[in-house]
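Encoded structure:
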């Protein structure tokens, strides 16, 4: 697909649509990310010339510049020059337009050093150079001109394509990587404030000064609605303008707080895969976070932790930042003793009467005079949230026509009178009084909506307050489900829409569109304080059982339609999960059938979290499910057993093999007792336990169990049942692990045919078995057939699962191995690098198979002249794989063998030998004790012994290797022939010339046939044969062999090397 063509066409349409402002925003974002990071939009009053031709200007930063190294990406692109951004969508006579704008830019305002000029029209090179010369000579500025072609080059880069999607309206298409989405947004919520910030100048100045002096930890505390988050947002904006990196983490719940910090760690430099793994396993997550934050390369930063009302949630996570960086926390907890001794605790009090009046008049300019606004501000106690809600209420009512007998307040005075009639007390005693004046503020908004015909606005608002305090996906507001509840009797689709529209208009709800993974989800947000107090209203308390039940039913309805193994559902699942988790944790009103619904909901949430890699949430939800279902089901009920099975499966994926094995054994025991030996759940538990044992290297147990299980599953469930086919698949894997490669191949071929007949050629189980078969063919030395098989599987997987699905990436990795065996090293390297990039792209660079890919790339680099680079990749990959799988696992052994090869090529023979002997020892007592990997390790040990002159050791190793390979692969197998050639070379150097000659005579032609006449081992064998013949007096025969070697070099275009030089020297002496 020509993505560049799409971008160029979309840019062209901007000119047609006269979309100048959108073009300005696009150019500013591109310039910030590629040219000069410290740019801000430039505006100015029209009466003074508007923006003076400047669409963006640089701001001064206190960042060090060369020769000091940059502390961050922002610092690396920040310019000490005075830079101006200008752009135009004009197409006619662009050079004249550039000259005119240059004159305007340099003729007034602050001095300028450099101008970045963007245009949609093409600018020929000659014209560009002429404009740049004129800019230097006439205006004394540097000029850079970027036309549509240059802009297209920027926008088609993988890390900027999201700008084209956002500003040009391009869809997410194959080949467009898009902006990688984090697990949880930690961006500053810019749209959270709908008015100017007033009454906080002194506090903001003090806080800004603290940041400038050195940062530290600051706590902003006050009652709900006092404006703590508003102050933090203002501070965040200031910090960002001064060049700080700014993050915003919601601490409303422990889950959102910890997940938010994980995203902060990623943005501070921790790889997404490592962060997910550490957070999932709870291994030193705090240390990983603060190591990244304290790194000088992260630069200065500001971290805002919002809504940390429970200090115990954040205390252990938030450490004292390094000088120059700051943590700001907002909380209702006002006791200094609850926080750190070194923290600065600031009370955020209500704003003054005058500031409150100004806020009211900004929101409702037609509602009355300054004095009337002051009176109402005083009556509301200066509480910003109350001022906001009242102002938005009056903004609606003050413009409405006044009808006879209407009592709706339309002015500041009328609103104050209404409050005085109903609540003679003062709002300053606020907080959770359900009949207090602040409550009445939004209750009056609900009264208004009811009067306007939105009859269900109040119960809908109550219902929303019974969900978690997180953005609520609108998909949950299913009218047909709501209508079955008594509080929504008779509800129509139109009535529901009117209620939502009214609540949004009154400011009780806020709409937030959340984008993730190419999908957009509409959500509704209610202020936490409003949510808390509305739940305490008498009608809400009385209706709590119905509201909670209704929330659970709505969640279950939506969740049941979202299969967790379908990644396209994950953006919505990510938003549903907090509400599902909240429903599982709050069982105060659960009764009867609702226990079952809640338990099922927790199970579904755990399933999503497991698939998505949010393992802490998965663990929590599976545990909740077991507990909740236990209220209404016996311990061995199939649903409880299945959930315990899921929890064990999670332990397996987490690498907690001991726990997983113990739990699988318990699940199997329960299933046998309650369901019998032939129940599907029982058979599945046996299958998973055997598969786990195979992963852990217990091949004997796995083979015995799967042999029985495959037969029994076929008898009970039928030979074509997916469970039967899966058992046969795993049985074939055990045969391969035992070294019975021929039997494994035969069974894999049978399973492929049966699975394709039963489930289809493109079914995932079919592709999985075809993949295993291709991998086995590669191990058997049939690289051509393996390559063809991997290619077919890859094409199908990419179409069925997508090109970046983990299974697809595993296939790409193994395809590259086949390419290596075929000598197509450049193709293999490109494939491995792209596969590794894809693992990074999906945020799974710490996945075990991503580590395997890293090791494979390192191994290829080591064998193609880049041993130092390869050794670094292999060292890290091997250590990580050993931590995950253990020393004797197949993938760990492969990485360690490749690592030893890289050390060998770096002449670190002693280090290589230590590593190889560790591999042999790790496998000595396993079924792989004489397997191919042990043989590979011993062969390299023989090479090292030969290099170091330890010929007797080398010969003994090679004799044993040849015996095993001849038995398992045959005497004519390419690897057996290579080992026989190496043994002959050792014998020759030991002085066993006649014996070596006899062996080499029998080897040279088979080596040519198996490896090709120009393979190095074939050339070495022929050269050694010539040398042996020369020593035995057969000089004519020796010269024939030597001439054949020279001819291969010349005819096949081989690069002359030391071997050729040795051959020519011997040939010269013989002639």
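Numbering (our numbering), first residue to last: 886 to 1956.
The beta-carbon is built from N, C-alpha and C at its ideal position, and this holds for glycine as well.
- Proximity of the region 1349–1357 to the region 1369–1376 falls short of the contact definition, fewer than three beta-carbon pairs being nearer than 8 Å.
- Contact check for residue 1008 against residue 967 fails: the beta carbons are separated by 8 Å or more.
- From the listed residues 1822, 1445, 1072 and 1106, the smallest Cα separation to residue 1088 is found for 1106.
- Under the three-state reduction of DSSP, residue 1541 is assigned to coil, being neither helix nor strand.
- Counting along the chain, residue 1023 sits inside no beta strand (DSSP E), nor does DSSP assign it H or E at all.
- A residue is called buried once 16 or more other Cβ atoms fall within 10 Å of its Cβ, and residue 1759 is buried on that count.
- A check of alpha carbon separations from residue 1123 across 1733, 1092, 1773 and 1594 identifies 1092 as the nearest.
- DSSP places residue 1097 in the uninterrupted alpha helix (DSSP H) bounded by 1086–1098.
- At least 8 Å separates the beta-carbon of residue 1784 from that of residue 1829.
- The three-state secondary structure of residue 1135, taken from DSSP, is strand.
- The residues 1073, 1121, 1124, 1125 and 1187, in chain order, have a CB closer than 6 Å to that of residue 1131 in the same chain once the five nearest residues on each side in sequence are set aside.
- In this structure residue 1333 is in contact with residue 1282, their Cβ atoms being roughly 7 Å apart against a cut-off of 8 Å.
- In the three-state DSSP reduction, residue 1350 falls in the helix class (H, G or I).
- Linking residue 1204 to residue 1529 through their CA atoms gives a straight-line distance of about 37 Å.
- Shown here for residue 1338: same chain residues with a beta carbon closer than 8 Å to its own, the five before and five after excluded, namely 1383 in chain order.
- DSSP places residue 968 in the uninterrupted beta strand (DSSP E) bounded by 968–973.
- Counting every other CB atom within 10 Å of its CB across the protein chains shown gives residue 1379 a total below 16, marking it as exposed.
- Counting along the chain, residue 1191 sits inside no alpha helix (DSSP H); it lies in the beta strand (DSSP E) bounded by residues 1186–1191.
- If you draw a straight line from the Cα of residue 1927 to the Cα of residue 1611, it is about 55 Å long.
- Where residue 1212 is concerned, the enclosing beta strand (DSSP E) starts and stops at 1210–1216.
- For residue 1925, the closest alpha carbon among the candidates 1937, 1938, 1939 and 1909 is that of 1909.
- Exposed is the label assigned to residue 1023, since fewer than 16 other Cβ atoms lie within 10 Å of its Cβ.
- Look at the beta carbons and you see the region 1932–1946 touching the region 1898–1915: at least three pairs across the two are nearer than 8 Å.
- By the neighbour-count definition (other C-beta atoms within 10 Å, threshold 16), residue 1290 is an exposed residue.
- Within the region 1792–1852, complete alpha helix (DSSP H) segments of at least 4 residues are found at 1794–1808 and 1817–1832, given in chain order.
- Here the C-alpha atom of residue 1855 lies approximately 52 Å from the C-alpha atom of residue 1454.
- In its chain, beyond the 5 residues on either side, 1206 and 1207 have a beta carbon closer than 8 Å to the beta carbon of residue 1179.
- Remark: fewer than three beta-carbon pairs, one from each stretch, lie closer than 8 Å, so the region 1215–1234 and the region 1154–1174 are not flagged as touching.
- Checking the DSSP bridge columns, you'll see residue 1395 partnered with 1410.
- For the set 1725, 1279 and 1510, the Cα lying nearest the Cα of residue 1481 is the one of 1510.
- Measuring C-alpha to C-alpha distances from residue 1778 to each of 1254, 1136, 978 and 1766 identifies 1766 as the nearest.
- For residue 1130, the three-state secondary structure derived from DSSP is strand.
- Collapsing the DSSP output to three states places residue 926 in a strand.
- Proximity to residue 1831 across 1654, 1019, 1809 and 1869 peaks at 1869, based on C-alpha coordinates.
- For residue 1379, the enclosing alpha helix (DSSP H) starts and ends at 1378–1390.
- Note that the region 1031–1048 touches the region 902–919; at least 3 beta-carbon pairs, one per stretch, sit closer than 8 Å.
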